[in-house]
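In the working numbering, the protein residues as written are 1195 to 1366.
Beneath this line is the structure, given in structure tokens, with notes to follow.
Rendered as structure tokens:
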């Protein structure tokens, strides 16, 4: 009841270092809304067996009504990263702890790649690079498009620097 159940979507499941599973869901908090303001959030549930789930505190509550869509979560270089869609942009947060507190990078843009890059998912490549795969919407379709690959490297402060993946076309 604390969440806007009709909008709960985009599950992301990951396993932490202890073996516990976490499921993130895009939604809004209904019990904290004042004057019709219901902040977007990533609800979090946990499970030891992938069958029985327990509601936990949200992983992230935004200061806007925009719901953080199509999240991704990963560890890289001793830090934890959380990406999410935000009205045609993909943003990211950094944390030194597995479940936050989360922060936007200091003095750097917290966008993944740039505007209109959709639903990127990230994996660490065998040579240590982070590889993002997402798409740009093709003009002739309503949703979906051409996949584009980018690589990212972490700066000393944890912020990410993005560049086109040189061998991206070969991965298709």
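The beta carbon of each residue, even a glycine, is placed where N, CA and C say it ideally should be.
- Query: What residue does the beta strand (DSSP E) around residue 1199 start on, and which one ends it?
  - Reply: Here residue 1199 belongs to no beta strand (DSSP E), and DSSP marks it neither H nor E.
- Query: Taking all protein chains shown into account, do 16 or more other C-beta atoms lie within 10 angstroms of the C-beta of residue 1231, making it buried, or fewer, making it exposed?
  - Reply: The Cβ neighbour count for residue 1231, taken over all protein chains shown within 10 Å, is under 16; the residue is labelled exposed.
- What first and last residue would you give for the beta strand (DSSP E) that runs through residue 1323? In the DSSP annotation of this structure, residue 1323 is not part of any beta strand (DSSP E), being labelled neither H nor E.
- For the beta strand (DSSP E) that contains residue 1204, what are its first and last residues? Looking at the DSSP string, the run of the beta strand (DSSP E) that includes residue 1204 is 1203 to 1209.
- Task: Can you give me the start and stop residues for the beta strand (DSSP E) that residue 1221 sits inside?
- Result: Start and end: 1215 to 1222.
- Message: I need the boundaries of the beta strand (DSSP E) containing residue 1256, first residue and last residue.
- Response: Where residue 1256 is concerned, there is no enclosing beta strand (DSSP E), given that its DSSP letter is neither H nor E.
- Task: Would you identify the three-state DSSP class for residue 1361, choosing helix, strand or coil?
- Result: Assigned with DSSP and collapsed to three states, residue 1361 falls in coil, not helix or strand.
- Query: Which stretch, first to last residue, makes up the beta strand (DSSP E) that contains residue 1342?
  - Reply: Run containing residue 1342: 1339 to 1348, per the beta strand (DSSP E) assignment.
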